[in-house]
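Just so you know, we're using this note's numbering here: the sequence shown kicks off at 651 and counts up by one. Beta carbons are placed, not taken as given, at the ideal position from N, Cα and C, and that holds for glycine. Report on one structure; see the data block that follows.
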Amino acid sequence: MNRIAITPLGFAVGAQVTGLDLREPLDDVSRQALLQAWHKHLVLVFPGQDLDAAQQIAFSAQFGTLEQNDFQPHYRDPAHPEILLVTNRKMDGKPSETRNTGRNWHTDLSYTTRPAKASLLLCKEKPPIGGDTMWANMYLAYETLSPKMQAFIESLEAIHDVSLIKGIEQRDPEKVADMKRRNPPVAHAVVKTHPDTGRKALFLGQRIRGFVGFSEEESAPILRFLNEHATSSEFVYRHRWSVNDLVMWDNRCLLHVALPDFDQTKTRHMTRTSILGELSGYYYKGGDDLGRESVLQAIAAVS
Ligand SMILES: O=C(O)CCC(=O)C(=O)O
Ligand SMILES: [Fe+2]
651 MNRIAITPLG FAVGAQVTGL DLREPLDDVS RQALLQAWHK HLVLVFPGQD
701 LDAAQQIAFS AQFGTLEQND FQPHYRDPAH PEILLVTNRK MDGKPSETRN
751 TGRNWHTDLS YTTRPAKASL LLCKEKPPIG GDTMWANMYL AYETLSPKMQ
801 AFIESLEAIH DVSLIKGIEQ RDPEKVADMK RRNPPVAHAV VKTHPDTGRK
851 ALFLGQRIRG FVGFSEEESA PILRFLNEHA TSSEFVYRHR WSVNDLVMWD
901 NRCLLHVALP DFDQTKTRHM TRTSILGELS GYYYKGGDDL GRESVLQAIA
951 AVS
């Protein structure tokens with residue numbers, strides 16, 4: 651019989667889970683205990699889990715249907731489409747395309763109409779210092795806004811754009827063009843209700859180009875305020891990886907960012923699985939936002 655121990659790691663986010671061998675299937679009691687801890691702590695860290703690709707896939711699949719990474723097919727493990735390689739190991743003799751994955755605050759696959767429900771990232775190799783990842787609690791970010799601001803953003807929709815992935819311009823232009831073709835901009839509500847907990851959370855990040863119906867000039871300061879607030883240090887947990895840490899997080903109530911705080915000549919190799927989320931949002935065709943220039947022209951026309 652497994653003896654699960656759950657120890658909080660941060661004030662706002664994060665708990666460590668020991669007492670489980672993730673190579674073994676979960677029994678119902680353990681699965682329920684994990685889900686309960688996950689809904690409470692949002693990020694679960696399982697240290698000492700030396701899983702191969704098939705074992706990571708099998709563990710992840712106990713929480714839902716796995717993403718096959720069709721949104722970003724160039725970066726998956728050729729032998730296992732469920733595994734995305736987040737690595738700075740050279741691939742085919744060239745610098746890896748995913749060496750700078752996750753360098754701005756984001757939710758996985760927010761630029762699609764099916765943002766990931768969860769992601770599970772396993773550390774296979776890491777530099778001696780740094781290469782940390784941070785997560786921010788979007789329930790607290792929402793709940794600590796004033797009632798007036800909550801009311802203001804209730805109907806706000808943000809336009810998520812794959813081309814705002816930080817460092818995307820350093821990737822192979824042909825692959826990037828293909829990513830953009832596959833992923834036209836998508837509008838998502840800024841406030842979403844978590845389907846399991848019923849709590850409201852902010853759905854934000856730095857891959858947003860503005861708000862539907864707002865001009866760029868109007869959007870920018872609102873977005874900056876909301877992102878700064880959402881990633882305040884009170885809401886953040888910063889994880890220092892050890893090899894064989896598996897970290898499972900809930901994308902529906904978190905933002906995360908991968909820090910470049912390490913010697914890039916040292917290997918950092920991570921494998922990620924993601925769980926399919928619910929369909930949400932819509933492809934944004936644009937056109938209904940009035941730019942500042944057009945407003946000024948409209949005024950000139952009537953005055
Ligand atoms: O490499 C990391 O620490 C996280 C990268 C990332 O954003 C992800 O795998 O979703
Ligand atoms: Fe990510």
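Proximity of residue i and residue j at Cβ, strictly below 7 Å
i: N901; j: T762; result: no
i: L770; j: M898; result: yes
i: A950; j: T783; result: no
i: A687; j: L790; result: no
i: Y792; j: L852; result: yes
i: I809; j: R859; result: yes
i: A837; j: V862; result: yes
i: G664; j: V693; result: yes
i: L929; j: R764; result: yes
i: L896; j: L772; result: yes
i: L734; j: N719; result: yes
i: Y934; j: P778; result: no
i: L854; j: N877; result: yes
Where residue i falls, given that 16 or more other Cβ within 10 Å makes a residue buried
i: G752; result: buried
i: V893; result: exposed
i: S869; result: buried
i: E866; result: exposed
i: K842; result: buried
i: T748; result: buried
i: T715; result: exposed
i: P823; result: exposed
i: V952; result: exposed
i: D846; result: exposed
i: R821; result: buried
i: S680; result: buried
i: D811; result: buried
i: Q706; result: buried
i: A768; result: buried
i: S805; result: exposed
i: E717; result: buried
i: G927; result: buried
i: E807; result: buried
CB-CB length for residue i against residue j, believed under 8 Å
i: G780; j: D911; result: 4 Å
i: W891; j: K776; result: 5 Å
i: A801; j: I925; result: With 8 Å as the limit, A801 and I925 do not qualify as a contact, their Cβ atoms being about 32 Å apart.
i: H730; j: A703; result: 5 Å
i: V886; j: A786; result: 5 Å
i: A880; j: M788; result: 6 Å
i: F721; j: L759; result: 6 Å
i: Q699; j: L672; result: 5 Å
i: N738; j: T917; result: 6 Å
i: V736; j: R922; result: 6 Å
i: Q682; j: W755; result: Not quite, the Cβ-Cβ distance comes to about 31 Å (not below 8 Å), so this is no contact.
i: H689; j: P658; result: In fact, because the Cβ distance is near 14 Å, the residues do not count as touching under 8 Å.
i: S813; j: K830; result: 6 Å
Closer than 6 Å: residues whose CB approaches a heavy atom of ligand 1 = V736, T751, G752, D758, S769, L771, T783, H906, A908, M920, R922
Ranges of the alpha helix (DSSP H) found wholly within the segment 667-721, counting only runs of at least 4 = 678-691, 703-710
Please list the segments of the alpha helix (DSSP H) lying wholly inside the segment 811-847, counting only runs of 4 or more residues, in order along the chain.
-> With a minimum length of 4 residues, the unbroken runs of alpha helix (DSSP H) contained wholly in the segment 811-847 fall at 823-832.
Which ranges would you report for the alpha helix (DSSP H) in the segment 729-797 if only whole runs of at least 4 residues count?
-> List check, alpha helix (DSSP H) in window: 788-793.
Continuous beta strand (DSSP E) assignments of at least 3 residues falling wholly in the segment 850-890 = 850-852, 858-861, 886-889
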